[in-house]
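Notes follow the structure.
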Amino acid sequence: QFESQVDVIKDGNRVDGKSILGVLTLVAEQGTDLTIEARGRDAEDALSALAGLVEQGFDEVQAGTHDG
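Residue 53 in our numbering is what sits at position 33 of the sequence shown, and the numbering runs on without skipping anything.
Next up, the structure:
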């Protein structure tokens with residue numbers, strides 16, 4: 021959805037923020053500190069979208085969701 025590079029970082033582990041599976045591998049329980057970095061033309065929008073998902077606990081993510 022976004023062209024920018026987005027990274028999510030927890031305890032020094034960096035994953036692709038545009039990959040739900042990558043983000044889930046961080047095993048970030050509620051209250052965990054995460055750093056989200058975005059670089060690129062639409063970085064602000066990408067950062068806002070991912071931060072919203074994290075704050076909601078990924079409630080909007082459905083098992084059948086995929087890119088494309």
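Idealized CB from N, CA, C, for every residue including glycine.
All values derive from a computational prediction rather than experimental measurement.
Apart from the 5 residues on each side of it in sequence, Ala48 sits with its Cβ closer than 7 angstroms to the Cβ of Lys30, Leu54 in its chain, given in chain order.
According to DSSP, residue pairing for Gln25 in a beta bridge involves Arg59. Taking C-beta atoms as the reference points, Ser24 and Ala63 count as a pair closer than 7 angstroms. Asp31 sits in coil when the DSSP states are folded into three classes, being neither helix nor strand. Asp27 and Asp65 have their C-alpha atoms some 14 angstroms from each other.
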